[in-house]
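K.L.:
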Amino acid sequence: MEDEWRPKQCSVLLPTESMKTMAESVGVGQLQEESCVALTEEVSYRIKEIIQDALKFMHHGKRRKLTSNDIDHALKMKNVEPLYGFQSQEFIPFRFASGGGRELHFYEEKEVDLSDIINTPLPRVPLEVSLKAHWLSIEGVQPAIPENPPPASKEQQKTESTEPLKAVKPGQEEEGAIQGKGQGAAATEGKGQLQGFYSMLHICVNFFPLARSTHELSVEQQLYYKEITEACVGSCEAKRAEALQSIATDPGLYQMLPRFSTFISEGVRVNVVQNNLALLIYLMRMVKALMDNPTLYLEKYLHELIPAVVTCIVSKQLCLRPDVDNHWALRDFAARLMAQSCKTFSTTTNNIQSRITKTFTKSLLDDRTQWTTRYGCIAGLSELGPDVIKTLILPRLPVEGARIKAVLEGPVISNIDKIGAEHVQSLLLKHCAGVIAKTRPLPDNLEQYRADYSYLGPLLHSHVVKARAQATLQAQQVNRTTVTITQSRPTLPASQSSLGGTGGSRAPSIIKVPSSLTLMSTRPGTPTQPSPSATKYIVMATSAGAASTQQVLIPPNLSMSSSPVTSTVPSSASAQQPLVKVETAGGGASSVGGSRTLQKYIVVSLPTSSSSSSSSETKSSTTVPSSSASPISAEPTVKTERSESPGASFHGSH
Amino acid sequence: MPTVCDTRSEMAAVQDAPVEADNEKEIKTETLNDAAGNHASAAGGVIPSPPVASTSSSGPAKAGGPGSEEQQTLMAVLQFLKKNNFVGAVDVLRREAGILEDSDESQGQELAASALGGAEAGDATCTLSRASSCTTSTPAVAAAPAKGGEDQPDVNVVLSAYSQQGDPALYQGYYSGLKKFVESVLDCHRAELSQLFYPLFVHMYLELVYNNHETEAKAFFEKFSGDQECYYQDDLRVLSGLTKKEHMKGNETLLDFRTSKFVLRISRDSYQLLKRHLQERQNNQIWNIIQEHLYIDIFDGMPRSKSQIDSMSGSLAGEAKREANKAKVFYGLLKEPEIDVPLDDEDEEGENEEGKPKKKKPKKDSMGSKSKKQDPNAPQQNRIPLPELKDSDKLDKIMYMKEATKRIRLGPESLPSICFYTFLNAYQGLTAVDFTDDSSLIAGGFADSTVRVWSVTPKKLRSVKSAADLNLIDKESDDVLERIMDEKSASESKILYGHSGPVYGVSFSPDRNYLLSCSEDGTVRLWSLQTFTCLVGYKGHNYPVWDTQFSPYGYYFISGGHDRVARLWATDHYQPLRMFAGHLADITCTQFHPNSNYVATGSADRTVRLWDILNGNCVRIFTGHKGPIHSLAFSPNGKYLASGATDGRVLLWDIGHGLMIGELKGHTDTVYSLKFSRDGEILASGSMDNTVRLWDSIKAFDDIETDDFTAATGHIHLPENSQELLLGTYMTKSTPVIHLHFTRRNLLLAAGAYNP
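Chain order of the listed sequences is U and Z.
Quick note, my numbering runs 506 ahead of the 1-based positions in the first sequence.
Quick note, my numbering runs 159 ahead of the 1-based positions in the second sequence.
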């Protein structure tokens, strides 16, 4: 600070040209140079003097910003008439102009049409000052409620995860935390109010924040975790909304983050097998809430969250009745989540986006891929942005068109296939039309389209024409729309996906891996089972809550994994591909039953097929936090049985 | 402007006159003894009061006695003769008058000073006219006090002679010469002598500027401003803007330098060293400045270390003189009035007549034992007349004692809970907050000139019915106090309109019937909390009033503002009872001592002063802050004072000894509020840096060992223990903490405006 001002302090003067300009503005022409110099020094000195006085008013006003009012008061103190009508709230309102060899800063005063002012509706009255009390500290401990700054800032969580050795010891954290806290403090006041039970509970939870190094939860935190997870997957939609709101806004959740991520990944793993669409949707909403929480450092848990999300995008079957249930919406939602996490978390080190793109492309290229998976792959790729669509999907249009044609116009094989093909078709049209409209030069020749895109050509043509018409219609709004879309966050359910996408995502190189990605269906009886090779059932446990930990032992052999840690895990090529199934004791695959107490955990193992059908989505790396062995991680399985029927709950979530 | 300036300087004259006179004499005595010891007796004949008297601070000797006028004429004539080279005449006159050669120059200057003392501008200019300034014309000097205006061509003529003396080119040489000398002396003296740099630098710079050597002044500034201690930055910034003689008129910082002597404490050894050096070098320029503008407080003993010096310096006018802090201060508490206290544990049952006396006796003794014994340090009960206790006050006292029995004992092991009151939607306009002692009401002062009062208990705020309605009620009924209240007016908050500028201070009266507010518009207003209307507007400060505070016993209140004068008022007088002048810059905060006999004021001149209400004397000057002081707090036992400043530091003072006893570092921005817990174990500080910090005040007071030596010299070694004393830091969410309050049960309340 000293160094900054010292060199300048004597020399800061207004330029003499300013004096001339001002003299001219009051009608004094031809001011002599000498008078200008004298005036400059005098005026500069007086200005400094006034500002010094104004600073006093700022200090006494308990502000850090000097306002024009302070200057007015300083002038008044000097018996000078203040400047009337000069108001500036935030910024320095001077505009710059040059011309005729002169450079000017001036105060822009717009002419105001009084009739405009009279006719415009009155602005809203500013809110009245109000008082709100909260506990800043309870017997020396600061509760982590939304009114207080987050106990650990994101930066701190990051340092802790990336440089665990540097992590602050409990004794020192006070001092270290202060720096970071200052910046992160501004976030959630005003929006993060919890109501009723949860806020009470939350205060309890954060009543005794533990040292960060331990991963043990206090009793209150365990209670909170239990309540939140139960509400998230429970039947009451209002409670769920509240719980999700809590996850998305509360600043003190970082300690429970490992539990939440395990809960989600295990939950997806189990429910995908059970085809419990509703629960999968709830879990995805939890992922979104976690991602929305500005105080959480999620990078550490991506290895659990991303496989879960990818599963929900590409899994072959997500619901019991694929012909009726709208599992497509879940895929769309998860695809948007995936795109969002790519945008947020992809770095050159973890390469999330390219690895995800590789996965999607691989299964898209595989001929044997199911319609459902195909849909998911296309959705996932499309959400990554127009560049990805352009490089990876547009070239595939003729092939996909032919495939769709075969199903739609050929002999009816399966109703499910037909629905799948229809969905894929509309998805392709939706995403591609926008991109084509932007990239393809006019005119839109129907024949040309047919030639380029074969079966889908005519349909695409009409969509593109429509898109273009819309674009010209809202000519001015196009830019804004794209911007909005870029920032839009996925919500469920959403029927319209973003047209413009983002231009920001990197276009991945085209990877050609001639292997298919197949999702293992766990229902042996399904006719569409692609690789009905020998299946081995291993009963892992027979009672609920006892053996969910076994899943941790699943060996990874991921050809692709989005987890940053997997690279360190040796993947055994000969390993079997296990899937976990929760089978009810009552037999049969229907999971709609209300109150069952006994469950069987079955690991489905498949020999590695030549096509190395990878089920990466249902897997997580072995680096599940050790805490998952705690009783809490058994929660998800307990919860699953209490869910209502998938269809109903899905509609309920609309 | 002139009117107030005059008032101010008059007041300053009233306050400072005795002290000033003494200082000058003391310096002079030094000079005489050292430089021309053989003529000492002769000099003694000339100066108005004999040098013997100069050592005692009690004698209210006046510098300009009745003889001064004549002497002044004599001096002027002498100067005139000298200037016109009437050497013979000079010699004769000198012999006749008995003025010794060495002393006449400074003598002349001093006379000029006393002659011109009345006028602001005159003051500034005359202090500039150092040695042989009166050369030109006697009438000019004589006319100066009469005119007293800001523009005085005559004075300027007088001063133009001054420029002949010092060669501006040599200033840099003088300064760096001194610098070299200081660098070459023994380590133990270096720190002490380094204190000289800043005042010398300032005065030399101002001289250059005054004599229109603008380029030399700038060069001088550029070259040496970097050497100055960082805590003088703010002043240097002001100085840097000042490059023209014309600018000096009316510049407050400058006037501060000119009108007050910068006080330095230097050990005798160091001082001798310096003097020898300057005499060897014939460095009159610096010697003159030291004599005229600095007050060197010489002490016997070990030279102080750098850290000792740094902890005490930083104020606008150097350190406090030692004798300034010698006066006795009755810091003890007043005896509590005897009230029959039903001290039953169960409040509600306590109202029953039965069983009360039995329980009461032992408890009251334990409570009262403290207050029965007269504290030797306490002032006379009636030293300051205090208002009679009303019945309602007694009830409140009883409530207070009941609450006090339920008070939580605080300490490092049991920290207080903090309840934070956030003002939402205040749009950066919250400027002041106060809580009532029983924590039932909050008042907020706002930049939009309003004062708002909230009730934080379920009891809503009600105003009294209108006069017409009051006539209707039955005055004999038991619940008459309830009946006079207008239920229709009940609300959680009330807005008080009346000020015409931002409200910078609010203060509740202890009986919760009144509220004071002070504002940029120069008034202090008294509001009734019964009718929620303004009762009185106290006009006296013509400039913004920065702070106001009710006495803990009510009736009196103190206000202080930009005019540098603190005023003591009584609510039923529209004119102030006392005016406390002496601060060199704005008074930024005020605080009553718990015994209501003293007030403390903090100022932008970076000093805290303690004033005696009885006689208006300044009894303590605390220096050591490096920025304007924005908060003050007395410990509940009245022994200690805490002050917080813009530099983020909190300093602790022992009032009885007049010593700094602690420094609490940790805040990174202005400390806007300080409060001791009810039993004084914890000091809470709130700051602009959005934190509330708790400090172990018991430990802070215990750690310091005050032996006789430190008590006598005021040189203390401050332990570096801020981190040990810090018990907790609580971050708020973008909410500067501007007020703190301990409830009667020791719950800490904090307040601030959310500032996204």
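Glycine residues also receive a C-beta, built at the ideal position from the N, C-alpha and C atoms.
#1: To the nearest angstrom, how far is the alpha carbon of residue 794 of chain Z from that of residue 835 of chain Z?
#2: Residues of the segment 762-780 of chain U in Cβ contact with chain Z at a cutoff of 7 Å, in chain order, please.
#3: For residue 745 of chain Z, decide whether its Cβ has a neighbour in chain U, counting only Cβ atoms nearer than 9 Å.
#4: For the segment 834-852 of chain U against the segment 880-887 of chain U, do three or more pairs of beta-carbon atoms, one drawn from each stretch, fall closer than 8 Å, so that the two count as touching?
#5: Which of the residues in the segment 607-639 of chain U, read from start to end, lie with their CB under 8 Å from any CB of chain Z?
#6: Among all the DSSP beta bridges, which residues are the ones paired with residue 578 of chain Z?
#7: What does the Cβ neighbour count give for residue 567 of chain U, buried or exposed, with the cut at 16 atoms within 10 Å?
#8: Assuming residue 594 of chain Z contacts residue 900 of chain Z (C-beta within less than 8 Å), just tell me the rounded distance between them.
#9: Please classify residue 881 of chain Z: does DSSP put it in a helix, a strand, or coil?
#10: Do residue 878 of chain U and residue 937 of chain U have their CB atoms nearer than 9 Å?
#11: Looking at residue 637 of chain U: is its Cβ nearer than 9 Å to the Cβ of residue 583 of chain Z?
#12: Restricting to runs no shorter than 3 residues, where is the beta strand (DSSP E) found entirely within the segment 560-647 of chain Z?
#13: Quick one: what's got a C-beta closer than 6 Å to residue 887 of chain Z's C-beta in the same chain, skipping five residues either side?
#14: For the putative contact between residue 757 of chain Z and residue 743 of chain Z, defined by C-beta atoms under 8 Å, what is the C-beta separation to the nearest angstrom?
#15: Is the beta carbon of residue 812 of chain Z sitting closer than 9 Å to the one on residue 779 of chain Z?
#16: Would you say residue 587 of chain U reaches chain Z, if we count a Cβ-Cβ gap shorter than 9 Å as a contact?
#17: If I'm right that residue 775 of chain Z touches residue 767 of chain Z with Cβ under 8 Å, what's the distance once you round it to whole angstroms?
#18: Would you kindly work out how many angstroms separate the C-alpha atoms of residue 558 of chain U and residue 582 of chain U, rounded to a whole number?
#19: May I ask whether a heavy atom of the ligand PLP can be found less than 8 Å away from the beta carbon of residue 750 of chain Z?
#20: Please report whether the beta-carbon of residue 661 of chain Z lies at a distance below 9 Å from any beta-carbon of chain U.
#21: Could you please give the first and the last residue of the uninterrupted alpha helix (DSSP H) stretch that includes residue 333 of chain Z?
#22: Closer than 8 Å is the cut-off here; do at least three beta carbon pairs connect the segment 638-658 of chain U with the segment 594-611 of chain Z?
#23: If the cut-off is 7 Å on Cβ atoms, which residues from the segment 889-906 of chain U count as contacting chain Z, listed in chain order?
#24: Which residues in chain Z have a C-beta closer than 7 Å to the C-beta of residue 733 of chain U? List them in chain order.
#25: Would you kindly check if the distance between the Cβ of residue 397 of chain Z and the Cβ of residue 477 of chain Z is under 9 Å?
#26: How close, in whole Å, do the beta carbons of residue 558 of chain Z and residue 597 of chain Z come, if the pair is a contact with beta carbons under 8 Å?
#27: For residue 551 of chain U, return the contacting residues in chain Z, with the cut-off set at a CB-CB distance below 8 Å.
#28: For the segment 814-840 of chain Z, which residues have a CB atom closer than 9 Å to at least one CB atom of chain U, in sequence order?
#29: Which same chain residues, not among the five before or five after residue 688 of chain U, have their C-beta less than 7 Å away from its C-beta?
#30: Closer than 8 Å between beta carbons: that is the criterion. Which residues of the segment 550-580 of chain Z meet it against chain U?
#31: DSSP three-state label for residue 664 of chain Z, please.
#32: Which residues in chain Z have a C-beta closer than 8 Å to the C-beta of residue 653 of chain U? List them in chain order.
#33: Listing by chain order, which chain Z residues have their CB less than 8 Å from the CB of residue 474 of chain U?
#34: Does residue 487 of chain U come out as helix, strand or coil in the three-state DSSP assignment?
#35: Beta-carbon of residue 334 of chain Z versus every beta-carbon of chain U: anything under 9 Å?
#36: How many whole angstroms separate the CB atoms of residue 157 of chain Z and residue 884 of chain Z, which I take to be in contact at a CB cut-off of 8 Å?
P.N.:
According to the data block:
#1: Put simply, the backbone Cα of residue 794 of chain Z is about 6 Å away from that of residue 835 of chain Z.
#2: Against chain Z - using a Cβ distance shorter than 7 Å - the segment 762-780 of chain U contributes no residues.
#3: Interface residue, yes.
#4: As far as the Cβ criterion goes, the segment 834-852 of chain U touches the segment 880-887 of chain U, which means the pair count is three or higher.
#5: Those residues of the segment 607-639 of chain U placed with their C-beta closer than 8 Å to a C-beta in chain Z are 632, 633, 634, 635, 636, 637, 638, 639, ordered along the chain.
#6: Note: residue 578 of chain Z sits in a beta bridge opposite U/641, Z/908.
#7: Classification of residue 567 of chain U: buried, given that the 10 Å Cβ count is 16 or more.
#8: Under the criterion of beta carbons closer than 8 Å, residue 594 of chain Z and residue 900 of chain Z qualify as touching, at roughly 4 Å.
#9: Helix at residue 881 of chain Z.
#10: The answer is no: Cβ separation not under 9 Å.
#11: Less than 9 Å separates the beta-carbon of residue 637 of chain U from that of residue 583 of chain Z.
#12: 577-583, 589-594, 600-605, 610-614, 620-623, all fully within the segment 560-647 of chain Z.
#13: Result list for residue 887 of chain Z: 574, 853, in chain order.
#14: At roughly 20 Å, the Cβ-Cβ gap does not stay under 8 Å, so residue 757 of chain Z and residue 743 of chain Z are not in contact.
#15: Less than 9 Å divides the Cβ of residue 812 of chain Z from the Cβ of residue 779 of chain Z.
#16: No, no contact with chain Z.
#17: Cβ-Cβ separation between residue 775 of chain Z and residue 767 of chain Z: approximately 17 Å, too far for a contact (criterion under 8 Å).
#18: The straight-line gap from Cα to Cα measures roughly 14 Å.
#19: Of the ligands one can find in the structure shown there are none, so the ligand PLP has no counterpart to examine.
#20: So yes, residue 661 of chain Z belongs to the interface.
#21: Unbroken alpha helix (DSSP H) run through residue 333 of chain Z: 327-343.
#22: Output reads no: the segment 594-611 of chain Z does not touch the segment 638-658 of chain U.
#23: Here the close residues number zero.
#24: Contact note: residue 733 of chain U does not reach chain Z at a C-beta cutoff of 7 Å; the least C-beta distance is about 25 Å.
#25: No, Cβ-Cβ distance for residue 477 of chain Z and residue 397 of chain Z is not below 9 Å.
#26: At roughly 7 Å, the Cβ-Cβ gap stays under 8 Å, so residue 558 of chain Z and residue 597 of chain Z are in contact.
#27: Near residue 551 of chain U (Cβ distances below 8 Å), the residues of chain Z are 400, 401, 402, 403, 406.
#28: Answer in chain order: 827, 828, 829, 831.
#29: The predicted model places residue 688 of chain U with a pLDDT of 37, which falls under 50 and marks its position as unreliable; any figure quoted below should be read in that light. Contacts found: none.
#30: Along the segment 550-580 of chain Z, going in chain order, the ones with a CB nearer than 8 Å to a CB of chain U are 573, 574, 575, 576, 577, 578, 579, 580.
#31: Annotated three-state conformation of residue 664 of chain Z is strand, per DSSP.
#32: Those are 579, 581, 892, listed as they occur along chain Z.
#33: Examination of residue 474 of chain U is not possible in this model, given that chain U is present from 507 through 1160 alone.
#34: Outside the displayed span of chain U (507 to 1160) sits residue 487 of chain U, for which this structure offers no information.
#35: Chain U, which has no Cβ nearer than 9 Å to the Cβ of residue 334 of chain Z, makes this no.
#36: Missing from the structure shown is residue 157 of chain Z; chain Z here goes from 160 to 915 and no further.
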